[in-house]
Amino acid sequence: MFSARDRFAEELNGIEEAGLWKKERVITSPQGSSISTSDGEALNFCANNYLGLSSHPEIVQAARSALDSHGFGMSSVRFICGTQDIHKQLEERIASFLSTEDTILYTSCFDANAGLFETILGPEDAVISDELNHASIIDGVRLCKAQRHRYSHCDMKDLEKCLQESASCRTRLVVTDGAFSMHGVLAPLDKIAELCDRHDAILVVDDSHATGFIGETGRGTPEYFGVQDRVDIITSTLGKALGGASGGFTTGHREIIELLRQKSRPYLFSNTLAPSIVLAGIRVLELIDAEPERVQKSRENTKHFREGMTAAGFDIAQGVHPIVPIMIGDERRTMDMASAMNEKGIFVVGFSYPVVPKGQARIRVQISAGHSVDQIDHAIAVFSEVGRELGLVS
Ligand SMILES: Cc1ncc(COP(=O)(O)O)c(C=O)c1O
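So the mapping is simple: my numbering equals the position in the sequence shown, first residue as 1, plus 133.
Next up, the structure:
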């Protein structure tokens, strides 16, 4: 055991020496655009709280009322004695929100992805995946026995090549993130859907960074690209825009969802979603439709920040997503910039290799509908001040 402990300690030292240590900041207030931390007050620009609903009073109230009406926990998986009326209601509500036939809840989108591919694909099939897809898709694909193909990021020629190479397979399934979390790029779903139609392949979209706020009414990237009826399966999370607690789901064709209920391992062998999260999830979807100005505010805030940072001379990866990467390149300067921003009360995170390619280090900012224009303007002013100090802008 001692030699194993020495090895673990050595590995930890290596992580620290390489500058890859992930430190967790301790928040002492509810999640929001403005937070208290153990280091002081900060404006928060790095949460996935896209609609500002994580601590919304009506969501908190819905969660509280579920404690009274449905208790704290279910102490069971769904098929034994873990299904309540509200679990069924949330599944129906998600299906109607996204115009799909049926939905299955998971305790996370990681689990939704882990349980999908193995359930519906076998050795006679092929899965074709964007090279920058989320880790949970990569792990889910690893668990299944289908042939694996990987296409260059959003490269339609390469995707078509993979479809041609797998032409003899029984079922081909193309899977992509709807919005890629490291740079906020949207997958070109109109083109991907066209290729899937032409080659008779199933299209799966993980829309974790889009459900609730991308597209005219927040239905996500399929709505943004006008292909809602051409995406076969959507996986997504309740842990970002949709209240931000935890929970995930897979939604799509009835037969697929039923197969998942019968066979998907993270569903069959893991506990039910807590009732308070379920009732709060229902309320979130009601609020998105009852108050469409929230989705609109997310768009306006994003535009305001992107324009302000561009005018201040920063190199911003272009796009429409509230994930806004400030491209810096050099790893050390990126980390210096993130630390200086944090010291001045703007909570942002620097990403460097191996999370992003070498020489493409960046600060990832996430804009929320919960930010006020003043908060965004203040962040731009602090970015400009720190950027000048570090010689990044003039
Ligand atoms: C694209 C994508 N899929 C899945 C997940 C996992 O979601 P959850 O937190 O619900 O497990 C994430 C979260 O980082 C994500 O960005």
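Glycine included, C-beta positions come from ideal geometry on N, C-alpha and C.
Values in this document were obtained by computation on a predicted structure and should not be read as measured data.
Under the three-state DSSP convention, the category residue i falls into
i	result
Val428	helix
Ala374	coil
Gln280	strand
Val274	helix
Phe141	helix
Thr252	helix
Ile500	coil
Arg197	helix
Leu418	helix
Thr383	strand
Asp339	strand
Gly524	coil
Thr354	helix
Ser229	helix
Pro458	strand
Phe480	strand
Val308	strand
Val488	coil
Glu174	strand
Leu186	coil
Arg495	strand
Val411	helix
Val519	helix
Leu153	coil
Ser369	strand
Rounded separation between residue i and residue j - CA only
i	j	result
Gln508	Leu176	7 Å
Thr304	Phe402	27 Å
Asp333	Glu298	14 Å
Ile160	Phe480	11 Å
Ala312	Ser136	44 Å
Thr383	Glu143	40 Å
Ser314	His342	7 Å
Asp422	Ala471	36 Å
Phe212	Tyr400	9 Å
Gly492	Arg466	11 Å
Met207	Leu371	19 Å
His454	Thr435	7 Å
His316	Val364	23 Å
His386	Gln217	23 Å
Ala444	Ser527	11 Å
His267	Val488	11 Å
Arg138	Phe438	47 Å
Leu328	Glu419	34 Å
Glu464	Ile219	47 Å
Lys221	Phe230	14 Å
Expected contact under 8 Å - CB spacing of residue i and residue j to nearest Å
i	j	result
Ser379	Ser241	6 Å
Ala326	Thr354	Incorrect: roughly 11 Å between the Cβ atoms, too far for contact.
Met474	Phe447	Not really, about 12 Å apart at Cβ, beyond 8 Å.
Asn181	Thr368	About 16 Å separates the two Cβ atoms, so there is no contact after all.
Lys430	Ala494	Wrong, their Cβ atoms sit about 30 Å apart, outside the cutoff.
His203	Pro408	4 Å
Leu306	Val260	5 Å
Tyr239	Ala374	That pair is no contact at about 17 Å.
Cys302	Glu264	20 Å between Cβ atoms; not a contact.
Gly173	Gly478	7 Å
Gly376	Gly348	Going by Cβ atoms, the distance from Gly376 to Gly348 rounds to 19 Å, so no, they are not a contact pair.
Pick from the options that is closest to residue i, judged by C-alpha positions
i	options	result
Arg427	Asp291, Gly185, Phe178	Gly185
His282	Asp330, Leu292, Ser232	Leu292
Leu153	Phe178, Val482, Ala514, Leu393	Val482
Leu406	Val193, His342, Phe313, Ala199	Ala199
Phe178	Leu523, Asp365, Ile459	Ile459
Gly441	Glu144, Asp510, Asp365	Asp510
Glu392	Glu251, Ala196, Glu174	Checking the sequence, you will find Leu at residue 392 rather than Glu. The candidate whose alpha carbon is nearest that of Leu392 is Glu251.
Ile389	Val193, Glu234, Pro190	Glu234
Leu412	Ala151, Ser166, Glu225, Glu157	Glu225
Thr309	Lys294, Val337, Thr216	Val337
Gly248	Asp263, Gly273, Ile237, Leu231	Gly273
Gln395	Ser166, Asp365, Val210, Ser269	Val210
Arg158	Thr170, Ala151, Ile148, Glu150	Thr170
Phe79	Gln194, Leu276, Ile461, Arg432	No answer is possible for residue 79: it lies beyond the span of the chain, which begins at 134 and ends at 527.
Gly462	Arg497, Ser166, Glu264, Gly381	Arg497
Ile456	Asp469, Arg432, Met468	Arg432
Arg352	Ile227, Ala300, Ile270	Ile227
Ile270	Gly345, Asp340, Tyr357	Asp340
Tyr486	Met468, Ile415, Ile500, Val193	Met468
Phe484	Ala279, Lys155, Thr443, Val318	Lys155
Ile366	Gly345, Cys214, Ile410, Ile253	Ile253
Lys324	Tyr357, Ile347, Thr344	Tyr357
Ser505	His220, Gly147, Ser166	Ser166
Contact test: residue i Cβ vs ligand 2 heavy atom, cutoff 7 Å
i	result
Gly359	What this structure holds is ligand 1, not ligand 2.
Min CB distance residue i to chain B below 8 Å
i	result
Thr304	Included in the structure is just one protein chain, with no chain B present.
Worksheet item: Got a list of residues with beta-carbon closer than 5 Å to any non-hydrogen atom of ligand 1, in chain order?
Response: Ser241, Cys242, Phe243, His267, Ser269, Asp310, Ser314, Asp339, Ser341, Thr370, Gly372, Gly381
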